[in-house]
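Engineer:
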Amino acid sequence: MVRQAAPVLDENVFMLDIHWLNTFVTLARLQHFGQTATELHMTQPNVSLHLKNLEQATRVKLIERSPFRLTQAGERLLQSAERAINELQLCQSDLNALNQHSQGTLAIAASDILSRLLLIQPFQRFKQAFPGIDLTLFNTTSDQAAELVKTGRADLGFVMAQKRSEPLSYTELQQVTWCALGHGLARWQGRARVGVDERKSDPQDEPTLILLGHDTRTRALIDPSLPLLGLPPCRIMEVGSVDAQLDWAEAGFGVAIVPDFSLHPRLKLTAPVTRLTDFPATSLGYVVRQNQVLSRAIKQLLHWVEEEIQRPEPLPGATP
Numbered sequence: 017m018v019r020q021a022a023p024v025l026d027e028n029v030f031m032l033d034i035h036w037l038n039t040f041v042t043l044a045r046l047q048h049f050g051q052t053a054t055e056l057h058m059t060q061p062n063v064s065l066h067l068k069n070l071e072q073a074t075r076v077k078l079i080e081r082s083p084f085r086l087t088q089a090g091e092r093l094l095q096s097a098e099r100a101i102n103e104l105q106l107c108q109s110d111l112n113a114l115n116q117h118s119q120g121t122l123a124i125a126a127s128d129i130l131s132r133l134l135l136i137q138p139f140q141r142f143k144q145a146f147p148g149i150d151l152t153l154f155n156t157t158s159d160q161a162a163e164l165v166k167t168g169r170a171d172l173g174f175v176m177a178q179k180r181s182e183p184l185s186y187t188e189l190q191q192v193t194w195c196a197l198g199h200g201l202a203r204w205q206g207r208a209r210v211g212v213d214e215r216k217s218d219p220q221d222e223p224t225l226i227l228l229g230h231d232t233r234t235r236a237l238i239d240p241s242l243p244l245l246g247l248p249p250c251r252i253m254e255v256g257s258v259d260a261q262l263d264w265a266e267a268g269f270g271v272a273i274v275p276d277f278s279l280h281p282r283l284k285l286t287a288p289v290t291r292l293t294d295f296p297a298t299s300l301g302y303v304v305r306q307n308q309v310l311s312r313a314i315k316q317l318l319h320w321v322e323e324e325i326q327r328p329e330p331l332p333g334a335t336p
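Just remember that my numbering sits 16 ahead of the position in the sequence shown, which is counted from 1.
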């Protein structure tokens with residue numbers, strides 16, 4: 017029987033420390049030693065040391081410092097380093113899921129409004145049932161949550177209006193409708209119906225809609241439906257979160273267009289709420305990677321989130 021010789025690998029392959037590679041990938045992205053040190057919670061000299069060690073191990077120059085740019089060798093290493101780090105992150109996620117001793121880490125990505133209104137009580141139950149699991153929460157947008165799951169930095173992401181996007185699998189938890197919170201909507205609509213000359217109206221009474229910024233998925237969903245409100249020309253006040261929308265609307269600065277689940281009774285909102293039945297509904301759900309191993313802990317957390325969503329909570333002061 018002829019035995020096939022094992023392939024001979026360059027010994028330097030085994031000298032590429034994963035921490036050096038992670039520092040290099042971050043430096044290539046930020047193109048700044050100080051910012052890289054801050055993001056990785058390192059000192060700037062340590063960033064330089066990691067780069068020096070990597071260049072010594074590979075025996076090539078990886079960056080030019082002034083101005084900053086990757087060399088051809090650096091560009092080539094960056095491709096492999098990103099793939100290696102992503103694969104290790106995905107592997108660690110699956111290893112955590114396969115750990116049946118209720119230990120390890122679990123990273124969740126969700127927007128601030130979703131985490132506060134839908135996840136706090138499920139998270140409390142989770143910590144009691146799985147005290148050995150380190151639970152991490154990324155407060156972010158739906159788009160960023162999906163990207164975190166795709167790269168393995170998050171095990172589970174709660175998102176709105178997820179489109180089919182490999183390698184992600186999306187499961188809907190509930191349908192989401194839209195509501196208007198704030199004073200003046202009916203009055204503004206009435207002025208538009210009777211054709212009031214806006215040039216003669218009080219500037220302090222001009223319609224103002226409080227919306228999220230154009231870089232959010234929510235804005236892309238509702239913009240096509242805004243003409244259905246039947247308002248005269250109005251101002252748009254852009255804010256960075258649903259929480260800010262609610263606060264400004266409550267303070268009387270305009271009418272906020274928000275998803276129905278954000279108007280939770282525990283917020284004790286006092287401004288009038290109008291259901292926007294003509295606006296197309298969207299969906300709220302979660303994403304995981306296709307073929308991802310779901311641990312018993314993740315399945316239990318999802319069960320508790322579903323229970324939280326299904327708990328009947330009437331909207332405060334809602335009108336049809």
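Virtual Cβ for every residue (Gly too), placed ideally from N, Cα, C.
Based on the DSSP output, what are the partners of Ile273 in its beta bridges?
Structural biologist: Answer is Ala196, bridged to Ile273.
Engineer: How long is the line joining the alpha carbons of Ile124 and Ser131, rounded to whole angstroms?
Structural biologist: Cα-Cα distance, rounded: 9 Å.
Engineer: Quick check on Phe84: buried or exposed, where buried means 16 or more other Cβ atoms within 10 Å of its Cβ?
Structural biologist: Exposed is the call here.
Engineer: How about Val274 and Trp264: are their beta carbons less than 9 Å apart?
Structural biologist: No.
Engineer: Output the distance between the C-alpha atoms of Val41 and Arg305, rounded to the nearest integer angstrom.
Structural biologist: Rounded to whole angstroms, Val41 to Arg305 spans 23 Å at the Cα level.
Engineer: State the Cα-Cα distance for the pair Ala44 and Leu94, rounded to the nearest angstrom.
Structural biologist: Whole-angstrom Cα-Cα distance: 8 Å.
Engineer: Grouping DSSP H, G and I as helix and E and B as strand, with all else coil, what is Gly301?
Structural biologist: Gly301 falls in the strand class under three-state DSSP.
Engineer: Check whether the stretch 291-301 and the stretch 180-198 are in contact - that is, three or more C-beta pairs closer than 8 Å.
Structural biologist: Contact holds: three or more Cβ-Cβ distances are below 8 Å.
Engineer: Can you check whether the CB of Asp150 is closer than 9 Å to the CB of Leu184?
Structural biologist: No, the pair does not count as a contact, with Cβ atoms beyond the cut-off.
Engineer: Checking the sheet assignment: what are the DSSP bridge partners for Phe49?
Structural biologist: DSSP output for Phe49 lists no bridge partner at all.
Engineer: Could you check how far apart the C-beta atoms of Leu65 and Glu55 are, in whole angstroms? I think they sit under 8 Å.
Structural biologist: 17 Å between Cβ atoms; not a contact.
Engineer: Does the separation of the CB atoms of Gln316 and Phe142 fall below 9 Å?
Structural biologist: Yes; because the gap between Cβ atoms is below 9 Å, this pair is in contact.
Engineer: Thr157 and Ser181 look like a contact to me (Cβ under 8 Å); what is the Cβ gap, rounded to whole Å?
Structural biologist: Actually they do not touch by this definition, with Cβ atoms about 15 Å apart.
Engineer: Can you round the beta-carbon distance between Leu237 and Gln261 to whole angstroms, since I take them to be within the 8 Å contact cut?
Structural biologist: So it is not a contact: roughly 14 Å between Cβ atoms.
Engineer: Going by DSSP, which residues form a beta bridge with Leu86?
Structural biologist: According to DSSP, Leu86 bridges with Ile79.
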